[in-house]
Amino acid sequence: MNLTQKITSLDTFLAYSIALEEEAADRHDELADMLDVHNNPGVAATFRKLAHYSRLHAQEIRDHSKGRSLPVIAPWDFDWENMEGPETADIGAVNYLMNTAQALQIAMGNEQRAHDFYYQFSQQSQDPEIRAMAGEFAEEEKEHLDLLKMWMDSTDESVDEQVYDPDPAHMPE
Amino acid sequence: MNQSNAPIQIKPKDYKSAIKPVWCPGCGDFAVLNAITKALAFLELPKEDVALISGIGCSSRIAAYTSVYGFHGVHGRALALAAGLKAAREDLTVLVAGGDGDGLSIGGNHFIHACRRNMDMTYIIMDNRVYGMTKGQASPTTAPDWGDSKLTPGGTGIRPFQPAGLALSAGASFIARGFTGDPNGLARMLVAAIEHPGFSFIQVLSPCPTFRPEQMNWKHHVQAFEEETSSDPLLAAQRIQADDGMSTGIIYQEDVPVFQPGNGGAPGDAVRFESEFEI
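These protein sequence lines are chains A and B, in that order.
Going by the working numbering, the first residue of the first sequence is number 86, and it counts up by one from there.
Going by the working numbering, the first residue of the second sequence is number 9, and it counts up by one from there.
1. Give me the Cα-Cα distance between CYS32 (chain B) and LEU88 (chain A), rounded to the nearest whole angstrom.
2. Is there contact here, the region 137 to 144 of chain B with the region 224 to 238 of chain B, by at least three beta-carbon pairs under 8 Å?
3. Should MET9 (chain B) be flagged as near chain A, meaning a C-beta pair shorter than 8 Å?
4. Do VAL264 (chain B) and SER177 (chain B) come within 8 Å of each other at the CB atom, strictly closer than that value?
5. Taking contact to mean 3 or more Cβ pairs, one atom from each stretch, closer than 8 Å, check whether the region 93 to 110 of chain B and the region 122 to 139 of chain B are in contact.
6. Less than 8 Å between CB atoms is the rule here; does CYS32 (chain B) satisfy it with respect to chain A?
7. Can you tell me the Cβ-Cβ gap for ALA188 (chain A) and PHE132 (chain A), rounded? I've got them flagged as a contact below 8 Å.
8. By the three-class DSSP mapping on this structure, what secondary structure does GLY127 (chain A) have?
9. Whole beta strand (DSSP E) runs in the region 236 to 275 of chain B with 3 or more residues, listed along the chain?
10. Give the interface partners of PRO265 (chain B) over in chain A, defined as CB-CB distance under 7 Å, in chain order.
11. Determine the extent of the alpha helix (DSSP H) in which ALA49 (chain B) is found, giving its start and end residues.
12. State the Cα-Cα distance for the pair ALA159 (chain A) and VAL102 (chain B), rounded to the nearest angstrom.
13. Do you know offhand how far ASP43 (chain A)'s Cα is from VAL58 (chain B)'s?
14. Which residues in chain B have a C-beta closer than 9 Å to the C-beta of ALA87 (chain A)? List them in chain order.
15. Tell me the rounded alpha-carbon separation between GLY193 (chain B) and TRP165 (chain A).
16. Classify MET237 (chain A) as helix, strand or coil using the three-state DSSP reduction.
17. Between MET9 (chain B) and the rest of its own chain, which residues show a CB-CB distance below 7 Å, the 5 nearest in sequence each way excluded?
18. Using a Cβ cut-off of 7 Å, pull out every chain B residue sitting near TRP161 (chain A), in sequence order please.
19. Within 10 angstroms of its Cβ, does HIS123 (chain A) collect 16 or more other Cβ (buried), or is it exposed?
20. Find the nearest neighbour of ASN195 (chain A) within the set A:ALA178, A:PHE206, A:ASN184, judged by alpha-carbon distance.
21. I want to verify the contact list: residues of chain A whose CB lies under 8 Å from the CB of PHE50 (chain B), in sequence order.
22. Would you list the one or two residues that DSSP bridges to SER62 (chain B)?
23. What does MET224 (chain B) touch in chain A if you count any residue whose Cβ is under 7 Å from its own?
24. So which residues on chain A does PRO215 (chain B) lean against when the C-beta distance must stay under 8 Å?
25. Expressed to the nearest angstrom, what Euclidean distance is found between the alpha-carbon atoms of LEU100 (chain B) and LEU135 (chain A)?
26. Excluding the five sequence neighbours on either side, which residues of its own chain have a C-beta within less than 6 Å of the C-beta of GLN190 (chain A), listed in chain order?
27. Quick one: is MET235 (chain A) buried, meaning 16 or more other Cβ sit within 10 Å of its Cβ, or exposed?
28. Short of 8 Å Cβ to Cβ, which residues in the region 66 to 88 of chain B face chain A?
29. Can you give me the Cβ contacts of THR218 (chain B) inside the same chain, cut-off strictly under 7 Å, excluding the 5 residues immediately before and after it?
30. Report the three-state DSSP secondary structure of ASN10 (chain B) (helix, strand or coil).
31. Taking 8 Å as the cut-off, does the region 158 to 170 of chain B touch the region 191 to 210 of chain B (at least 3 CB pairs, one atom from each stretch)?
32. Would you tell me roughly how many angstroms separate the C-alpha atoms of ILE92 (chain A) and LEU48 (chain B), rounded to the nearest one?
33. What residue ranges within the region 170 to 250 of chain A form continuous alpha helix (DSSP H) runs of no fewer than 4 residues, ordered along the chain?
34. Starting from the Cα of GLY92 (chain B), find the closest Cα among B:HIS83, B:ILE248, B:ALA122 and give me that residue.
35. May I ask you to report which of helix, strand or coil DSSP gives GLY186 (chain B)?
36. So, does the CB of GLU221 (chain A) fall closer than 8 Å to a CB anywhere in chain B?
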């Protein structure tokens with residue numbers, strides 16, 4: 086049974102959607118902190134901006150939820166396909182020397198997975214309210230994805246750029 | 009799917025301090041910090057009722073990154089400090105954290121005695137099988153053929169400890185293994201460990217992206233134990249021995265008397281004890 090069959094109420098779907106966005110925002114902030122500490126302010130600012138957009142989306146979903154009683158679900162009881170929510174960036178995908186294009190590539194992967202999550206509900210849910218709401222959210226994720234593509238096109242950095250540190254930390258002694 | 013009906017009032021971020029971790033980007037220890045804060049928020053523990061004691065090493069910095077009481081202690085002595093604290097302040101929820109070097113090498117003796125003493129605290133070893141802070145030397149959990157350190161060309165040639173097996177043989181009453189790639193699952197494990205009356209031990213597989221970059225592939229190897237938690241030490245020992253060290257779950261849990269000075273143990277009147285040292 087996939088998640089679109091397990092989630093049969095709009096309230097639960099909204100609880101999942103808020104968690105998806107909040108977890109993504111928290112991770113983006115965490116990545117921003119990592120890059121801040123390692124003196125990579127440009128990429129840190131990019132992750133910070135992504136956290137901001139995820140929080141905006143979470144707030145929009147909360148606005149949709151006004152007057153409803155959403156279930157409180159413990160973090161480990163979300164039945165995500167993987168170990169974390171679909172929009173949550175892989176914490177191991179970052180490098181202290183990474184450039185903005187590489188950060189955007191990670192972000193695009195996150196947005197694509199979030200879009201796919203919502204799109205699946207918009208197509209497969211048995212509940213018409215969930216289908217409609219999920220379709221709206223999927224469209225918003227697509228807009229985010231388009232925005233990221235625009236940012237990517239406007240940067241002169243390359244995702245293929247090799248990181249080089251003349252004094253690397255990873256020299257075992 | 010399981011759903012909790014209890015409202016969560018405190019947010020995980022409320023348990024984080026304003027200090028940004030200096031861990032390397034991608035370090036597994038970030039996930040442990042997240043899991044701890046999620047577990048504390050779920051349990052709705054007031055910050056002033058929790059203490060996090062740590063030793064020395066990359067992972068031991070964690071005490072500074074939370075807003076609960078913290079003590080960044082001496083190398084290998086986190087458990088000794090925590091035992092003293094728990095003896096004096098039984099009411100506190102005591103968490104202890106550190107790395108595999110801190111906990112199993114210089115702190116190894118404290119570890120085995122903490123296991124058998126069974127004071128009510130939770131000990132988290134963030135195991136990356138390397139000394140990271142000192143730039144990548146073999147630790148007690150490093151494979152014998154890991155030869156990337158200049159100190160041990162060709163590897164140490166010494167068999168590593170199995171932390172779960174060591175804890176079991178030393179008498180720990182709660183033994184689990186978690187993985188930082190599953191921070192939510194780790195948080196659930198921490199809740200169970202904190203709620204367990206007695207000494208709970210969690211070995212957390214926590215990749216080091218800097219000195220052990222190959223560990224970033226652990227996410228493809230880690231799997232959940234198929235068996236349920238056992239209270240039979242023989243079964244638990246078999247599971248630990250049969251496993252490749254990459255399975256996660258609560259391996260062993262048993263209800264045994266908790267040692268707390270003053271509660272059937274040694275006298276533990278902190279005020280009287282303090283008065284004995286008055287000058």
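No residue lacks a Cβ here, since even glycine has one placed at the ideal position from N, Cα and C.
If we stick to the structure as given:
1. As a working mapping, residue 32 (chain B) is identified with position 24 in the second sequence. As a working mapping, residue 88 (chain A) is identified with position 3 in the first sequence. Take the alpha-carbon of CYS32 (chain B) and the one of LEU88 (chain A): they are about 35 Å apart.
2. no
3. The residue you call residue 9 (chain B) lines up with position 1 of the second sequence. Confidence at MET9 (chain B) is low in this model, with a pLDDT of 43, below 50, so its placement is unreliable and the value that follows should be read with caution. Yes, MET9 (chain B) lies at the interface with chain A (some Cβ there is under 8 Å from its Cβ).
4. Start at 1 with the first residue of the second sequence, and residue 177 (chain B) comes out as number 169. Start at 1 with the first residue of the second sequence, and residue 264 (chain B) comes out as number 256. For SER177 (chain B) and VAL264 (chain B), no; Cβs fall outside 8 Å.
5. yes
6. The residue labelled residue 32 (chain B) in the question sits at position 24 within the second sequence. It does: the Cβ of CYS32 (chain B) has a partner Cβ on chain A nearer than 8 Å.
7. Counted from its first residue, the first sequence places residue 188 (chain A) at position 103. Counted from its first residue, the first sequence places residue 132 (chain A) at position 47. Right, the Cβ-Cβ distance comes to about 6 Å (below 8 Å), so this counts as a contact.
8. For the purposes of this step, residue 127 (chain A) is identified with residue 42 of the first sequence, where counting begins at 1. Reduced to three states, the DSSP call for GLY127 (chain A) is helix.
9. 255 to 261
10. Stepping through the second sequence from its first residue, residue 265 (chain B) is reached at position 257. By Cβ distance, chain A contributes nothing, its closest Cβ being about 30 Å from PRO265 (chain B), past 7 Å.
11. Residue 49 (chain B) sits at position 41 when you count from the first residue of the second sequence. Per DSSP, ALA49 (chain B) belongs to the alpha helix (DSSP H) from 37 to 51.
12. Translated into positions along the first sequence, residue 159 (chain A) becomes position 74. Translated into positions along the second sequence, residue 102 (chain B) becomes position 94. Cα to Cα, ALA159 (chain A) sits roughly 22 Å from VAL102 (chain B).
13. Look at the range of chain A in this structure, 86 to 258, and you will see that residue 43 (chain A) is not part of it.
14. Residue numbering aside, residue 87 (chain A) sits at position 2 when the first sequence is read from its first letter. One point to set straight first is that residue 87 (chain A) is Asn, not Ala, in the sequence displayed. By Cβ distance, chain B contributes nothing, its closest Cβ being about 12 Å from ASN87 (chain A), past 9 Å.
15. Indexing the second sequence from 1 puts residue 193 (chain B) at position 185. Indexing the first sequence from 1 puts residue 165 (chain A) at position 80. Distance between the alpha carbons of GLY193 (chain B) and TRP165 (chain A): 12 Å.
16. On the first sequence, residue 237 (chain A) is found 152 positions in, with the first residue counted as 1. Helix at MET237 (chain A).
17. Here the question's residue 9 (chain B) lines up with position 1 in the second sequence. Confidence at MET9 (chain B) is low in this model, with a pLDDT of 43, below 50, so its placement is unreliable and no value can be given for it.
18. Position 76 of the first sequence, counted from the start, is the residue given in the question as residue 161 (chain A). By Cβ distance, chain B contributes ASN192, GLY193, ALA195, ARG196.
19. Mapped onto the first sequence, residue 123 (chain A) falls at position 38. Buried, since its Cβ has 16 or more Cβ neighbours within 10 Å.
20. The count along the first sequence starts at 1 and reaches residue 195 (chain A) at position 110. Answer by Cα proximity: A:ALA178.
21. Counting from 1 along the second sequence, the entry for residue 50 (chain B) is found at position 42. Simply ALA159, PRO160.
22. Counted from its first residue, the second sequence places residue 62 (chain B) at position 54. According to DSSP, SER62 (chain B) bridges with B:HIS80, B:ALA105.
23. Residue numbering aside, residue 224 (chain B) sits at position 216 when the second sequence is read from its first letter. Those within 7 Å of MET224 (chain B) in chain A are GLY177.
24. Counting from 1 along the second sequence, the entry for residue 215 (chain B) is found at position 207. Result: GLY177.
25. One-based indexing of the second sequence puts residue 100 (chain B) at position 92. One-based indexing of the first sequence puts residue 135 (chain A) at position 50. Cα-Cα distance, rounded: 38 Å.
26. Numbered from 1 along the first sequence, position 105 holds the residue referred to as residue 190 (chain A). Result list for GLN190 (chain A): VAL244, in chain order.
27. Mapped onto the first sequence, residue 235 (chain A) falls at position 150. Exposed is the call here.
28. none
29. Against the second sequence, residue 218 (chain B) aligns to sequence position 210. For THR218 (chain B), where only same-chain residues beyond five positions count, the Cβ hits under 7 Å are CYS32, GLY140.
30. Looking up residue 10 (chain B) in the second sequence gives position 2. Here the model assigns ASN10 (chain B) a pLDDT of 43, short of 50, so the residue's position is not dependable and the matter cannot be decided.
31. no
32. As a first step, residue 92 (chain A) must be located in the first sequence, where it is residue number 7. As a first step, residue 48 (chain B) must be located in the second sequence, where it is residue number 40. For ILE92 (chain A) and LEU48 (chain B), the distance between alpha carbons rounds to 28 Å.
33. 185 to 209, 213 to 239
34. The sequence position of residue 92 (chain B) within the second sequence is 84, counting from 1. That would be B:ALA122, whose Cα lies nearest to the Cα of GLY92 (chain B).
35. As a first step, residue 186 (chain B) is located in the second sequence; it is residue number 178 there, counting from the start. Strand at GLY186 (chain B).
36. Locating residue 221 (chain A) in the first sequence gives position 136, where the first residue counts as 1. Not an interface residue.
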